[in-house]
Structure formats: C-alpha cells, structure tokens
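Numbering (my numbering), first residue to last: 6 to 340.
We put the CB at the ideal spot given by N, CA and C, even for glycine.
Every value quoted in this text rests on a predicted model; they were computed, and no experiment measured them.
To keep things clear, I will list the structure first and then write my remarks on it.
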Amino acid sequence: MFRKQEVRVWVRVLVVLALGATASGCMGPLLPAGDSTSLSVQPRGATSQTTWRVPTDYATIQLAVDSPDVAAGDRVLVEAGAHAGALIQKPVQIWGEDGAVIASGPVHSSGLIQGFRLLAGSDGAVIAHLTFTVDLAIMNGAAVDGIEVSHCNFLNPIQGVSNWGGCGWVIDHNSIENLRCRNGGGIGVLIGDRSGGAVTDNIVSHNAIRGILSVQGGGGYNGSGIVLYADFRYGWPGTADMSRNRVLHNAVDLVSDKPEVVDVVAFELTDSRGNPELTPVIFGNAVGFNDFRGTALQIDLTPEALIECNELSRNLGANRGHGSHPAVFGPGGNR
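Below you can see the structure in the form of structure tokens.
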C-alpha cells in the first residue's frame, strides 16, 4: 500500500504544483443540482453595514470589492446571471441571489480559471448562495483565516474549496456535483498546508459531494471528496500542526468514470512523507457522523498510523473508528 501511495502522491504533485504555486498550499491535490436555500438564512457573525448590488451599483464583483466605498463587512449582492469572480482583499460578504453564477474569473498560474482567490486582508470574508462553474472555485491564496463558505453549489470543478494554510474556516451546507481531474485535482474540499505553519480549527460540515469523477490525463493517484493534506514534497516544509479540524455530517457519494486510471476516495488524511516512524503532524482531528457509503474507497490514510492520533468514528460505511462518544467531536457539528 505504501508504494501505491508514493505513486499517487508523485502524480498529484504535478497538479498541485501548478495550482499551488501561487497558493499557500499543496500539490498532491490538483491546483487545486444545487440547493436553492433562501437568502433569509444569515451567515454566522453577519455584520453587514451596507448592501451593494452587482451589476446595479457596480458592473462587476471586482469593481465592487476594489471600491473604497465598499467597507469591511459590507455585503456585495450578486444578481441573477453569469458573472466573473474576483481577487478578494477585504472582509466583504459576497452573496448570490437565485440564478447568480460565477462562470469566469482570475486566471491561475496553471492556466485554470478561478472563481474567488482570497488574498491578504480578506480574513473573515463570507461567500454564500452562489453557483460556480469554474475550474478552481475558491482558493486560499494567502493563508487567510476565518472564511465562511456556505450554501453554494459547485458544478464539475477540478477543485471546489481549497484552503491552503488557513485556520478557522467554516465550509458548510454546500453542494458539489461531479468533479474533474486533469493529471491532478478531482477534489471537493481541501484543507492543506505546505508552508510549515499551523492549520487548525477548520470545520467542514453538512456538505453533499456527489456524482461522477471525470478523468482526463494520466493516473496513479486518487481523487478525493474531502482531504486533509500535509505537503512535504520538493523540500516544502509541509505543516507543523494540522489539528483540531472537524469533518462532520457530510455525505460523499462519488464514482470514477475510469477507476483503473484514477479512482476516488471519500475522505483522506495524507502526510506526503508517508513515514509512520516520524512524529505525526496531522493529529487530534475529528471525523465523524459522515456518510461515505456511496464511495467504494471510503477512508484512506497515509501513513496508516494516522488512525492512532486522529478520531475517525461514527461514519456510515467502512468506518475506521470505534463509536467514540459524540463529545469527542466538539461543537460545530450540529450547525
């Protein structure tokens, strides 16, 4: 199994390298029917001062975010229609009305199209109630913290939500329908680090990741519904501490269209060094109450010894845990 993982990590490197070059994150991952929940649902900690509309007040989301009149905490309400995403450098709330689609956006260094790239100064931003049809929907480009991504729909991305190096993210009540991989990627939600920092207190909960993983290019790795990834390749410092992250109440139901080339795993913990003799840097994370039954390969740990220092239990399917008390999983799983 260790050799299989080595090959998988090596191939993924190609994709993540391309995507992660300007991100604060990884390379094992590549680069990286919706829920029409009403806008009456308030994001946690909402403190919106003023609502600005796109395109009524500003022609594009980027113009709204860049405007000095749009202050931290203001809401940018995206009206129905196809829109370009943006580079985000302040803590605004970007909300979509019914029919609002992010169909284009900033070009990643790999040539793939991003939806939103979160840059320094955007800590605490909210992205909610939007549909994405781009390659890399949401990318953490500066290890920013406290981002909320909720009630969004992601249609056939290469990577849906990619949090490289950020702490305190809440990624919940989103729908990801189908994934693509292209010599890497094929990832629904990524929590990763390659900067040698601490990646803690992220919550991934109540998300539905379903459909087909469409395989393009070579293989030797797996796509992933949800992954926590410490990237030590190419001499990168990986992570010092990936802990206290919680993956709760998600449903992952994925099938690869070419499993002989690239298969798909519902959930994985990966330390790219793959050496069980090293002091673990992925520890104290809680993975529980998820439904992985729709995915053939349900839980994948590299190295396998990560089962000893992380809590994986009460998941539906071939669960690695042993039915720990719910208190082990802490607050945040019942949102």
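query: Could you tell me the alpha carbon to alpha carbon distance between Gly243 and Gly201, rounded to whole angstroms?; result: 5 Å
query: With which residues is Gly216 paired in a DSSP beta bridge?; result: Leu259
query: Note the first and the last residue of the continuous alpha helix (DSSP H) segment covering Asp71.; result: 66-71
query: Could you spell out the range, first to last residue, of the beta strand (DSSP E) harbouring Cys186?; result: 180-187
query: If you follow the beta strand (DSSP E) that Val131 is part of, which residue opens it and which one closes it?; result: 131-133
query: Over what stretch of residues does the beta strand (DSSP E) that includes Leu123 continue unbroken?; result: 119-123
query: In whole angstroms, what separates the C-alpha of Val204 from that of Gly165?; result: 19 Å
query: Mind checking who His88 pairs with in its DSSP beta bridge?; result: Ile107
query: Quick one: using the 10 Å Cβ neighbour count with 16 as the cut-off for buried, is Pro73 buried or exposed?; result: exposed
query: Do you know how far the Cα of Asn250 is from the Cα of Val286?; result: 13 Å
query: Please list the terminal residues of the continuous beta strand (DSSP E) segment that includes Phe159.; result: 158-160
query: Rounded to whole angstroms, what is the Cα-Cα separation between Leu321 and Val154?; result: 25 Å
query: Which residue or residues does DSSP assign as beta-bridge partners of Ile231?; result: Val194, Phe272
query: If you check the beta carbons only, do Val260 and Ile231 fall under 8 Å apart?; result: no
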